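Participant:
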Ligand code: SF4
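Residue numbers (this note's numbering): 21 to 97.
In structure tokens, the structure reads:
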């Protein structure tokens, strides 16, 4: 399986819920600050990162496209 890296620039998140709607298993909304949380993500400087299999690519591509502030990126590894 190919691996992909999902990157969230969380500071820019406006809590619109689009990513969580695109992928329930990878994103959830924080009750604390209303922004989305990349489930399993590791904080690296001002980003959150996770490497997952490309079986998650399609749903997370939707998150990328639907995020109104472009704070999610996907890299193919
Ligand atoms: S789609 Fe973007 S702005 Fe909306 S909750 Fe997810 S990361 Fe935040």
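Positions of the beta carbon are idealized from the N, C-alpha and C atoms, including for glycine. All of these numbers come straight from a predicted model, not from anything done at the bench.
Can you give the Cα-Cα distance for residue 91 and residue 30, rounded to whole angstroms?
Facilitator: 7 Å
Participant: Measure the beta-carbon distance from residue 24 to residue 77 and round it to whole angstroms, keeping in mind my assumption that it falls under 8 Å.
Facilitator: 6 Å
Participant: Where residue 52 and residue 28 are concerned, what is the direct C-alpha to C-alpha distance, given to the nearest angstrom?
Facilitator: 18 Å
Participant: Give me the Cα-Cα distance between residue 33 and residue 66, rounded to the nearest whole angstrom.
Facilitator: 12 Å
Participant: Cβ of residue 35 versus every heavy atom of the ligand SF4: is any distance shorter than 6 Å?
Facilitator: yes
Participant: Which stretch, first to last residue, makes up the alpha helix (DSSP H) that contains residue 89?
Facilitator: Run containing residue 89: none; DSSP gives neither H nor E here.
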